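Everything in the sequence shown is counted per the numbering used here, starting at 93 for the first residue and increasing by one.
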Amino acid sequence: MAPTKASASKAAAAKKAALKGVHGKSVRKVRTSAHFHLPKTLRLSRKPKYARKSVPHLPRMDQYRVVRNPLNTETAMKKIEEHNTLTFIVDVKANKHQIKDAVKRLYDVEALKVNTLIRPDGKKKAYVRLTADVDALDVANKVRAYELIYMCGRRERKNCMNIRYIYV
């Protein structure tokens, strides 16, 4: 079968196109903005072959670490009586949400708002305002009783024996 004139010219055109290549004529994109944004490309999620940690750690800021101890100075007592507010020494890294949650978990009371400050000695103090339906004095007495039992169990047993019977 002999090549025809049409097929020969077609083959010549294909040869010419192959030699020239497809990237011979480039058209620049018209830029309409002064800012260049990288295009959004495919980002695959990680699929690790094994877990990097065998067991997840316990919560670093649980309620016992957040609330260190209640404060019972004269000004704190005044706040309890007049403003329905409890005063605590808390962890320096604790934020207001964590303090509010910790007080709710520890003492079963709802906090209205929390104000914090860092004292000159580096400790963080939190003023926890309780809701109107809860009396801060009752909660403070409960907190104080817990604190005394805790202290008596740990440190000075002989000094706390008479106080223990008053609160329990």
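Ideal placement from N, C-alpha and C gives every residue a C-beta, glycine not left out.
None of these values were measured; they are calculated from a predicted model.
- Non-local C-beta neighbours of residue 220 in its own chain, meaning closer than 6 Å and more than five positions away in sequence, comprise 178, 195, 203, 206, ordered along the chain.
- Along the length of the segment 120 to 163, whole beta strand (DSSP E) runs at least 3 residues long occupy 159 to 162, reported in chain order.
- For residue 98, the enclosing alpha helix (DSSP H) stretches over residues 97 to 112.
- Around the beta carbon of residue 114, a 10 Å sphere encloses fewer than 16 other beta carbons of the protein chains shown; the residue is thus reported as exposed.
- Taking all protein chains shown into account, residue 156 has fewer than 16 neighbouring C-beta atoms within 10 Å of its C-beta and is therefore exposed.
- In the three-state scheme derived from DSSP, where H, G and I count as helix and E and B as strand, residue 207 is classed as strand.
- For residue 221, the beta-bridge partners assigned by DSSP are 177, 205.
- As far as DSSP is concerned, residue 192 takes part in no beta bridge.
- Per the C-alpha coordinates, the member of 139, 131, 186, 123 positioned closest to residue 210 is 186.
- About 18 Å separates the CB atoms of residue 234 and residue 181; that is not less than 8 Å, and the two are not in contact.
- With a threshold of 16 other beta carbon atoms within 10 Å, residue 201 meets it and is buried.
- When only Cα atoms are considered, residue 160 and residue 213 end up about 15 Å apart.
- In the DSSP assignment, residue 182 forms a beta bridge with 159, 216.
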